[in-house]
Amino acid sequence: KRKKYFEKEARRKAVTFGPDVVLQMDFCYGYFQFPELTLAIPGGITFDLKKYWDKQPVRFVCCRRGEEGRGPGEIFFVVQFEVPEYEEGDRSEPTSDTEEAKEPTEEEKKLAEDID
43 KRKKYFEKEA RRKAVTFGPD VVLQMDFCYG YFQFPELTLA IPGGITFDLK
93 KYWDKQPVRF VCCRRGEEGR GPGEIFFVVQ FEVPEYEEGD RSEPTSDTEE
143 AKEPTEEEKK LAEDID
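Residue numbers (this note's numbering): 43 to 158.
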């Protein structure tokens, strides 16, 4: 309903968001895995991007496509992730010597289905 309502430019222009409005949304980008900072390409190919990462925040910019060679156009919003630094071995799978692997709750299973 919301998408259909905002199809008309006049309706979009009639809406103004002030500083007291809080927008909440999900951000999903199926190829990047956070916080591990890995790239998973369909077909089971995975790359560890930490060896290319320079410790800067990871940013996704939603913008209008700019002119060729001039960078991005108008920026709508930016999603920025602070990637935690782990020592080698800190992100190992749980074993019987450490914590037990936790079964996902029904809510987590439903959320995973909705995302897929």
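Idealized CB from N, CA, C, for every residue including glycine.
Cβ-based neighbour list, residue i, same chain, cut-off 8 Å, excluding 5 preceding and 5 following
i     : result
Tyr71 : Phe102
Boundaries (first-last residue) of the alpha helix (DSSP H) holding residue i
i      : result
Arg44  : 44–47
Glu145 : Note, Glu145: premise wrong, no alpha helix (DSSP H); not H, not E.
Glu51  : 51–55
Cross-strand partners of residue i (DSSP beta bridge)
i      : result
Leu81  : Phe74, Phe89
Gln122 : Arg101
Own chain residues within Cβ distance below 7 Å of residue i, not counting five before or after
i      : result
Tyr47  : Arg53
Pro99  : Gln122, Phe123, Glu124
Arg108 : Position check: residue 108 holds Gly in this sequence, whereas Arg was assumed. These residues qualify, in order along the chain: Pro114, Gly115.
Cys105 : Pro114, Gly115, Glu116, Ile117, Phe118
Close beta carbons around residue i, own chain, < 6 Å, minus the five adjacent residues each side
i     : result
Pro77 : Val125, Pro126
Ala56 : none
Residue i CB to nearest heavy atom of the ligand FMN below 7 Å
i     : result
Lys50 : Among the components of this structure there are no ligands whatsoever, and the ligand FMN is therefore not found.
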